[in-house]
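The next block holds one structure in the form of structure tokens; read it before the comments.
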Amino acid sequence: MTRRAVPLGTGHYLPARIVPNAEFERSLDTSDEWIRTRSGIERRRFAAEGETTSHMAAQAARAALEHAGIGADAIDGIIVATSTPDLTFPSVATMVQSDLGMTHGFGFDVQAVCAGFVYALATANAMIVSGQAERLLVIGAETFSRIMDWSDRSTCVLFGDGAGALVLGSEAGTGTNADRGILSVDLNSDGRYRDMLYVDGGVSTTGAAGKLRMQGNALFRQAIEKLAATAETALGKIGLSGPDVDWIVPHQANIRIIQGTARKLGLPMERVVVTVQDHGNTSAASIPLALSVAVTDGRIKRGDLVLSEAIGGGLAWGAVVLRW
Numbered sequence: 037m038t039r040r041a042v043p044l045g046t047g048h049y050l051p052a053r054i055v056p057n058a059e060f061e062r063s064l065d066t067s068d069e070w071i072r073t074r075s076g077i078e079r080r081r082f083a084a085e086g087e088t089t090s091h092m093a094a095q096a097a098r099a100a101l102e103h104a105g106i107g108a109d110a111i112d113g114i115i116v117a118t119s120t121p122d123l124t125f126p127s128v129a130t131m132v133q134s135d136l137g138m139t140h141g142f143g144f145d146v147q148a149v150c151a152g153f154v155y156a157l158a159t160a161n162a163m164i165v166s167g168q169a170e171r172l173l174v175i176g177a178e179t180f181s182r183i184m185d186w187s188d189r190s191t192c193v194l195f196g197d198g199a200g201a202l203v204l205g206s207e208a209g210t211g212t213n214a215d216r217g218i219l220s221v222d223l224n225s226d227g228r229y230r231d232m233l234y235v236d237g238g239v240s241t242t243g244a245a246g247k248l249r250m251q252g253n254a255l256f257r258q259a260i261e262k263l264a265a266t267a268e269t270a271l272g273k274i275g276l277s278g279p280d281v282d283w284i285v286p287h288q289a290n291i292r293i294i295q296g297t298a299r300k301l302g303l304p305m306e307r308v309v310v311t312v313q314d315h316g317n318t319s320a321a322s323i324p325l326a327l328s329v330a331v332t333d334g335r336i337k338r339g340d341l342v343l344s345e346a347i348g349g350g351l352a353w354g355a356v357v358l359r360w
């Protein structure tokens, strides 16, 4: 028997405050057209004062558990992907655990910036396949609005806040690519490119959170090549290729990167879930947010082959292939 980590439910949470591109025109030399044509972003959500990453993560978790039809008592552990935790420690996952009333199991965070949810899924998959857990709650949650430099028009208009969650459970499979659940993963990183996307602060350097810095053009050139390569590698591990994919649910960073990656994989945009126009780049939250939206509106159905890929600071990148 092959053990598979299968999706049981999805959920997401977005802050109430909607920030359209026009709002940035008041303080920056930018425009709605400039932002839309370069990124595809039309609006994003910003967390309210006092609204934290753990709060949003817990809200998304509740929605996912409800969708799965199970309670928190049925979950063995929580894995949260985030680069913007409430505190240096403890982990956001333990805060969510407390918020859900869980006094059993475990919780920990994974930090791989925008690739964080892919890394968290890979970790959860390994734990379920190895028999260490039966059901896991995997969450991506970010409040990137707290690390923006509001004078830098090249970065502050791109990011947003939110959270998405996925409940994974153990199910027997046949060991073929016709199984439901996570079928393959591919993870990569290369620290030589760390200066392309980073935050200029931290505990052992400045003692402060710092602000996000990005070399946009250089990162763009790396992104399409690396995303297409990791997607092809993940598909190749299970004897599949781009045309076999029903839906790409990519990291929502930039519409041009999304389009370029789909083109390299030979897939039309009609088979790509795009939410960047409404959410902006929510880093580790972007894939689970987009996944939850597409499941909720009925696009992704049981049996569909789904490919997710992401790249973020590190550089860290990777892909996951799962059958819904």
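All residue numbers for the sequence shown refer to my numbering, where the first residue is 37 and numbers rise by one.
Cβ coordinates follow ideal geometry from the N, Cα and C atoms, glycine included.
Beta-carbon within less than 6 Å of residue i's beta-carbon, same chain only, minus the 5 sequence neighbours each way: which residues are those?
i	result
Ser344	Val285, Ile323 and Val356
Met138	Ala108
Gly246	Val235, Asp236 and Gly237
Ile336	Trp283, Ala330 and Trp360
Report the partner residues of residue i according to the DSSP bridge assignment.
i	result
Gly209	Thr38
Phe142	Gly113
Ile54	Arg81
Trp360	For Trp360, which the question treats as bridged, DSSP gives no partner whatsoever.
Thr88	Per DSSP, none; premise fails for Thr88.
Tyr49	Ala199
Trp353	Asn224 and Ile347
What residue from the options has the CA that sits closest to residue i's CA?
i	options	result
Gly115	Leu263, Val132 and Ala104	Before going on, a small fix: residue 115 reads as Ile here, not Gly. Checking every option, the nearest Cα to that of Ile115 belongs to Val132.
Ile291	Val174, Ala320, Leu50 and Arg74	Arg74
Thr130	Ile164, Asn161, Leu101 and Ala93	Ala93
Glu306	Val281, Ala321 and Ala320	Val281
Ala289	Val174, Lys273, Gly105 and Gly196	Gly196
Met232	Arg257, Gly243, Thr212 and Gly217	Arg257
Gly272	Ala104, Asn213 and Gly349	Asn213
Gly34	Ala208, Arg299 and Ile183	Missing from the structure shown is residue 34; the chain here goes from 37 to 360 and no further.
Leu44	Ser187, Asp122 and Ile218	Ile218
Ala160	Gly349, Gly316 and Arg40	Arg40
Ser220	Asp226, Tyr155 and Pro279	Tyr155
Ala100	Ala58, Val203 and Phe153	Val203
Asp188	Ala326, Val128, Leu325 and Phe60	Phe60
Val235	Pro279, Gly167 and Gly349	Gly349
Ser63	Ala84, Leu303 and Trp186	Trp186
Trp283	Ile274, Arg359, Ser127 and Arg230	Arg359
Ala259	Asp340, His287 and Thr242	His287
Asn317	Thr66, Arg72, Ser134 and Gly47	Arg72
Arg299	Thr332, Ala264 and Leu276	Ala264
Ala110	Ser319, Leu136 and Pro304	Leu136
Gly76	Thr124, Thr311 and Ile274	Thr311
Val128	Met163, Ala158 and Val174	Val174
Leu194	Gly243, Leu248, Val165 and Arg230	Leu248
Ser240	Thr124, Val165, Pro304 and Tyr229	Thr124
Output yes or no for whether 8 Å exceeds the beta carbon distance between residue i and residue j.
i	j	result
Thr269	Asp314	no
Val308	Ile293	no
Gly354	Thr266	yes
Gly205	Val342	no
Ala104	Tyr49	no
Ser90	Gly200	no
Glu78	Pro56	yes
Thr118	Glu69	no
Ala352	Val149	yes
Arg81	Gly198	yes
Ala346	Ala151	yes
Ala83	Pro126	no
Spatial neighbours of residue i within its chain, please: C-beta separation below 7 Å, excluding the five flanking residues on both sides.
i	result
Gly113	Gly141, Phe142, Gly143, Ala169 and Leu172
Leu255	Met232 and Leu233
Thr120	Thr89, Glu178, Thr179, Phe180, Arg182 and Ile183
Gly302	Gly278 and Pro279
Ala321	Gly176, Ala177, Glu178, Gly198, Ala199 and Gly200
Ser67	Glu61
Ile54	Arg79 and Arg81
Gly227	Gly350
Asp122	Thr88, Thr89, Ser90, Val128 and Met131
Please work out which residues of its chain come closer than 8 Å, Cβ to Cβ, to residue i, disregarding the five sequence neighbours upstream and downstream, and give them in chain order.
i	result
Ser190	Met250 and Gly252
Thr38	Ala208, Gly209, Thr210, Gly211 and Asp215
Lys262	Asn224, Ile347, Leu351 and Trp353
Cys192	Phe60, Leu64, Met184, Asp185 and Trp186
Glu102	Gly45 and Gly47
Check whether the Cβ of residue i lies closer than 8 Å to any Cβ atom in chain B.
i	result
Asn317	In the structure shown, chain B cannot be found, because there is only a single protein chain.
Report task. Just list the beta strand (DSSP E) runs in the segment 172 to 249, keeping only unbroken ones of 3 residues or longer that don't cross its boundaries, in chain order. Result -> 197 to 209, 217 to 225 and 233 to 235
Query raised in the report: Can you list the alpha helix (DSSP H) stretches of 4 or more residues lying completely in the segment 270 to 351, in chain order?
Result: 291 to 301, 312 to 315 and 322 to 332
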